[in-house]
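The sequence shown begins at -12 in the working numbering and counts up one residue at a time.
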Amino acid sequence: MQTMYMWLVFHLLAAGLCNVLEERQLDFGLRVFSELSSQDKNVAFSPYGVTAVMSMVQLGARGATLNVLKSSMGFSLKDRGIPRQLRLQHRDLSMEDAVQLANGVMVERKLGLEKGFRKGLLKAFQSIPHQLDFSNPDKAMEVINAWVSDNTDGMIPHFLSTDTLTKDTNLVLLNAVHFRGLWKVPFNPRMTQERLFHCANGSSVPVPMMQITQRFSYGDFITEDGVEYDVIEIPYEGDSLSMLIVSPFEKDVPLSAIFKSLEGQRIKQWRNGMRMVRRQLSLPRFTIDSQLDLKPALSRLGLGEIFWKNADFSGITSEEQLYVSEVLQKVKIEVDEEGTKGSAATGAIIYSRMAVEEITLDRPFLFLIQHKPTGVLLFMGQVNQPEEH
């Protein structure tokens, strides 16, 4: 009986820790997205990607630099159980046929890494450092771009551009996410028709609008400022992955009125407040390519210190004084009648309404691709003007 009691307590504590980590990860990713969002441009972003890379950055931080990272991210990798929860989260996501994940660490071959940093990378991120010769930046760029391309099924062949790396580069921390989800019930291509989409800038453009009628998980909500909006969930095969579509009721209400109050707890409220209803859904077919410089957004969130030359990353190495030069992300999302295909690569470069019968997404909307068992947001974005490539 005592053994059972101890197991039960441990299980409940672990579950609580996992829930806290999930919420903190969601909050951090959503706050970064709110800094990236645009009134008139399409944006695709991977909350999971930036959280994974910044967690690796945190692993090597010390002193005031570590405190800034812990405060902004809301969790510490030094807290008991967090590395294990990250590892289990990675395992659960990797078990999905539609998801491919990889973490990479590219280190200057002459740089000696601290034993604790190596151990932490393996324990939390299942990653072993790969040595590169950064004295030849072009060759190093080719190796990193090949790694990203291999781990995104070729969707992101050129992650880094010329001059991103220099001879002063000592370390590149990488995360790659590839997703290929088929709708549980695909849209019939013969039902796709050209219709007008009302863009955020006031113009209207013709777009291929997919249509389907079925039962969806749906909810209507209201922000603290009184903005009404609805959320509809489109499931992928297997039901553990889905896309949430969020749009204001009124066409003249900007998306910023919704996502300025977006946080992990809000998404949980959506999940709890949705119900199954029969609806006719019209959704534009679209493709988004985003190339994001995350440094300004992270700085506005209080992480500017990691980019200073006096940052403390002595947990990585005692041989050089390191600082983060850039945090970059490239994302590509394709949505069509069969499903969704998406890839994201994130890297830190380190130097010495009320229900309606028809729901028509003919105005700007948010989309979020979630893994329901872990609560992870793999991708999210805003569509202000659907585009196809």
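Glycine is no exception: its CB is placed at the ideal position from the N, C-alpha and C atoms. The structure displayed is predicted, hence computed values, not measured ones.
Open item on the list: DSSP three-state label for R177, please.
Closed with: helix
Task: Straight-line gap, E325 to P176 (C-alpha atoms, nearest Å) - done: 9 Å
TODO: Check whether the stretch 54 to 62 touches the stretch 281 to 296, taking contact to mean three or more Cβ pairs, one atom from each stretch, closer than 8 Å.
DONE: yes
Task: Of the listed residues E307, T361, N132 and L365, nearest to Q76 (C-alpha basis) - done: T361
- [ ] Tell me whether the beta-carbon of F121 lies closer than 8 Å to the beta-carbon of L147.
- [x] no
Task: Per-residue DSSP class, three states only, for A51 - done: helix
Open item on the list: I need the boundaries of the alpha helix (DSSP H) containing S243, first residue and last residue.
Closed with: S243 to F246
Open item on the list: Please list the terminal residues of the continuous alpha helix (DSSP H) segment that includes M196.
Closed with: Careful: M196 lies outside any alpha helix (DSSP H), inside the beta strand (DSSP E) at S191 to I209.
Task: Integer-rounded CB distance, given that V164 should sit under 8 Å from K35 - done: A small fix is needed here, since residue 35 is Tyr in this sequence, not Lys. 6 Å between Cβ atoms; contact.
Open item on the list: If we require 4 or more residues per run, which alpha helix (DSSP H) segments fall completely within the stretch 55 to 112?
Closed with: 69 to 81 and 102 to 112
Open item on the list: Suppose you measure from the CA of D276 to the CA of A31; what does that come to, to the nearest Å?
Closed with: 7 Å
- [ ] Figure out for me which residue from F354, F273, A89 and G291 has the closest Cα to the Cα of V281.
- [x] The sequence shown places Leu at residue 281, not Val. Of F354, F273, A89 and G291, the residue nearest in Cα terms is G291.
- [ ] Keeping to the same chain, check which residues put their C-beta closer than 6 Å to that of K328; ignore five residues upstream and five downstream.
- [x] R167 and E321
Open item on the list: For a test of the three-state rule: what should DSSP assign to P360, helix, strand or coil?
Closed with: coil
- [ ] Leaving out five residues on either side along the sequence, give the residues of the same chain with a beta carbon under 8 Å from the beta carbon of T149.
- [x] D125 and M128
- [ ] State the DSSP-derived secondary structure class of M341, mapped to helix, strand or coil.
- [x] Below a pLDDT of 50, predicted positions are generally treated as unreliable, and M341, at 34, falls in that range; the measurement from the model is reported next regardless. Correct three-state label for M341: coil.
Open item on the list: With the cut-off set at 8 Å, would you say S42 and A331 are in Cβ contact?
Closed with: no
Open item on the list: How far does the beta strand (DSSP E) with D317 in it extend, from its first residue to its last?
Closed with: Sequence check: residue 317 is Lys here, not Asp. Start and end: V311 to V322.
- [ ] Assuming F104 contacts L73 (C-beta within less than 8 Å), just tell me the rounded distance between them.
- [x] Wrong, their Cβ atoms sit about 15 Å apart, outside the cutoff.
Task: Alpha carbon of N132 to alpha carbon of D155, nearest angstrom - done: 19 Å
- [ ] Could you say which of G91, Q118 and T179 lies nearest to N138 if we only look at CA atoms?
- [x] G91
Open item on the list: To test your reading of the DSSP string, which unbroken alpha helix (DSSP H) runs of 4 or more residues are found completely within the stretch 262 to 289?
Closed with: 282 to 285
Open item on the list: Going by DSSP in three states, V214 sits in which element: helix, strand or coil?
Closed with: coil
Open item on the list: With H, G and I counted as helix, E and B as strand and the rest as coil, what does DSSP make of I254?
Closed with: helix
Task: Three-state secondary structure (DSSP) of T139 - done: coil
TODO: May I have the straight-line CA-CA distance separating V7 from W295, to the nearest angstrom?
DONE: 30 Å
Open item on the list: Given this structure, state the Cα-to-Cα distance separating P178 from I293, to the nearest angstrom.
Closed with: Pro is not the amino acid found at residue 178; the sequence shown has Met there. One C-alpha to the other measures close to 51 Å.
TODO: Could you say if the stretch 192 to 212 and the stretch 260 to 268 meet the contact criterion of at least three C-beta pairs nearer than 8 Å?
DONE: yes
TODO: Determine the contact status of P377 and V94, defining contact as a CB-CB distance below 8 Å.
DONE: What is shown of the chain runs -12 to 376, which leaves residue 377 out entirely.
Open item on the list: Quick check on DSSP: helix, strand or coil for G334?
Closed with: strand
TODO: Could you tell me the boundaries of the alpha helix (DSSP H) in which A39 lies?
DONE: P34 to L46
Task: Which of helix, strand or coil DSSP assigns to W170 - done: strand
Task: beta strand (DSSP E) segment containing Q372, residue limits - done: Unbroken run through Q372: none, as it is neither H nor E.
Task: Beta-carbon spacing of L169, Y223 below 8 Å - done: yes
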